[in-house]
Each structure stands twice: as C-alpha cells, then as structure tokens.
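Enquirer: So that we are looking at the same thing, I have put the structure below in structure tokens.
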Amino acid sequence: MALKSTIYKADLQVSDMDRNYYGQHALTIARHPSETDERMMVRLLAFACNASESLAFGRGISADDEPAVWEKDLTGAIQLWIEVGLPDEKLIRKAIGRSEKVMIYAYGGKAVDVWFEENRSGFAKLSNLSVFDVPLELTQKMAGLAERTMAVQCTIQDGQIWFSAGEETVQIELTTLQAAR
327 MALKSTIYKA
337 DLQVSDMDRN
347 YYGQHALTIA
357 RHPSETDERM
367 MVRLLAFACN
377 ASESLAFGRG
387 ISADDEPAVW
397 EKDLTGAIQL
407 WIEVGLPDEK
417 LIRKAIGRSE
427 KVMIYAYGGK
437 AVDVWFEENR
447 SGFAKLSNLS
457 VFDVPLELTQ
467 KMAGLAERTM
477 AVQCTIQDGQ
487 IWFSAGEETV
497 QIELTTLQAA
507 R
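Mapping the sequence shown onto the numbering used here, position 55 (from 1) lands on 381, and the numbers just tick up by one.
Laid out in structure tokens, this is it:
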C-alpha cells in the first residue's frame with residue numbers, strides 16, 4: 327500500500343518591497359512521503375519569492391510533468407516553472423520548452439557547487455533560466471519552522487529575505503548562480 331502525502335496548511339503573508347507585491351495566501355501543501363521538511367520549506371520560500379495570485383504548487387516529486395511551483399496565464403500557458411533541489415538538466419530543458427521563464431532554487435551545500443559545475447555549460451545556453459543557491463545552514467533552519475499548521479511571514483527588501491514563523495526568523499540572501507537574460 328502506497329503512503330499518502332502529509333497535508334500542511336500555511337497562512338503566508340508576503341511583503342515584497344522589491345516587486346511592490348503585498349499579499350496573503352492560504353496555502354495547502356501536500357508533502358510527499360519521500361520529501362523532507364527542508365525541501366517543502368524551500369518550495370514555500372520559492373512561492374514567497376515569486377508570489378502572485380496565479381502562482382500554485384505543482385504535484386512536485388510525484389510528477390515529472392509538473393514543477394514544484396508554477397504560474398499559468400488564463401489560457402493555461404505556463405508563464406513560470408520553478409524547481410527546487412538539484413534537478414536533472416533534461417528536466418530543465420523540458421521545462422524551458424514549456425514555459426516562458428524557469429527558476430531553480432538549489433540547495434544542499436557543496437552538492438550545489440558540484441551540480442552547477444556539471445551543468446554550467448548546458449545552462450548557459452538557456453536564456454530564460456535563473457538559478458539560485460539557498461545556503462544549507464539556512465534551509466536547515468527553515469526546516470525547523472515546519473509545522474502542520476503554520477503562519478509564515480516573508481519580507482523581501484533589497485534582495486534580503488526575512489522568513490518568519492512564530493518567534494523564529496531566518497534571514498536569507500540567495501546567491502544568483504545564473505540570471506535569465
């Protein structure tokens with residue numbers, strides 16, 4: 327018998343002064359049995375950094391044809407495809423062909439450096455791809471914020487991200503490994 331996803335509820339408040347976006351999102355996050363709290367919280371961070379009324383979680387780990395997070399327009403065309411972790415270059419090429427813009431929020435410490443070096447030349451050819459490195463010690467701190475029901479505040483200003491839940495705040499600065507051109 328297959329294990330079922332664990333359902334998390336997040337009340338996410340985003341104040342993104344860099345994009346002039348302010349919103350409240352009541353989110354239901356299905357955490358696949360093989361997904362860690364760390365990966366789930368990086369998905370939530372990716373959502374917060376790109377928040378909009380049409381952004382949604384994909385089926386994620388259990389579906390190769392959907393990203394961790396995505397945004398579609400009213401016609402169903404994919405505007406933004408977001409992956410987290412260290413995805414295979416083939417998956418990213420497929421995403422590039424289906425979406426106007428692709429982002430990767432990579433995490434995993436030194437594994438990110440190795441993965442990016444292996445894929446750097448292939449990624450350099452993809453003009454609508456952005457790759458960000460989320461520091462390992464910060465993703466681990468974010469994992470500690472995960473609760474089945476959580477209220478999360480995300481404030482973004484001048485490239486700095488403050489990710490808070492309860493009394494805990496994690497200050498995050500993403501490293502841009504590749505920016506879309």
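Ideal Cβ placement from N, Cα and C applies to all residues, glycine included.
Could you tell me whether the region 358-377 touches the region 457-469, using the rule of 3 or more Cβ pairs below 8 Å?
Expert: In short, these stretches touch, since the Cβ pair count reaches three.
Enquirer: What are the boundary residues of the beta strand (DSSP E) that L371 is part of?
Expert: It is not in any beta strand (DSSP E) - L371 instead sits in the alpha helix (DSSP H) that spans D363 to C375.
Enquirer: With distances taken Cα to Cα, identify the nearest neighbour of A347 among C375, L464, W441 and P461.
Expert: Residue 347 is actually Tyr in this sequence, not Ala. The candidate whose alpha carbon is nearest that of Y347 is C375.
Enquirer: Less than 7 Å between the C-beta atoms of D342 and A352, yes or no?
Expert: No, the Cβ-Cβ distance between D342 and A352 is not below 7 Å.
Enquirer: Between the C-alpha atoms of Q486 and E499, what's the straight-line distance to the nearest angstrom?
Expert: Rounded to whole angstroms, Q486 to E499 spans 5 Å at the Cα level.
Enquirer: My assumption, with CB atoms under 8 Å, is that F458 sits in contact with T502. Please give the rounded CB distance.
Expert: Confirmed, Cβ separation roughly 6 Å.
Enquirer: Measuring only the C-alpha atoms, how far is T475 from T354?
Expert: Rounded to the nearest angstrom, the two C-alpha atoms are 9 Å apart.
Enquirer: Can you tell me whether DSSP reads E443 as helix, strand or coil?
Expert: Helix.
Enquirer: Curious, which full-length beta strand (DSSP E) runs of at least 3 residues does the region 452-497 contain?
Expert: For the region 452-497, whole beta strand (DSSP E) runs of length 3 or above, ordered along the chain, are 455-460, 475-483 and 486-491.
Enquirer: Since I404 sits in a beta bridge, which residues does DSSP pair it with?
Expert: For I404, which the question treats as bridged, DSSP gives the partners K398 and S425.
Enquirer: Let me know if G402 comes out buried or exposed under the rule of 16 or more other beta-carbons within 10 Å of its beta-carbon.
Expert: Exposed.
Enquirer: Assign V440 to buried or exposed, taking buried as 16 or more other Cβ atoms, counted over all protein chains shown, within 10 Å of its Cβ.
Expert: With fewer than 16 other Cβ atoms within 10 Å, it is exposed.
Enquirer: Would a C-beta distance cut-off of 7 Å place E409 and I422 closer than the cut-off?
Expert: Result no, Cβ atoms of E409 and I422 do not sit closer than 7 Å.
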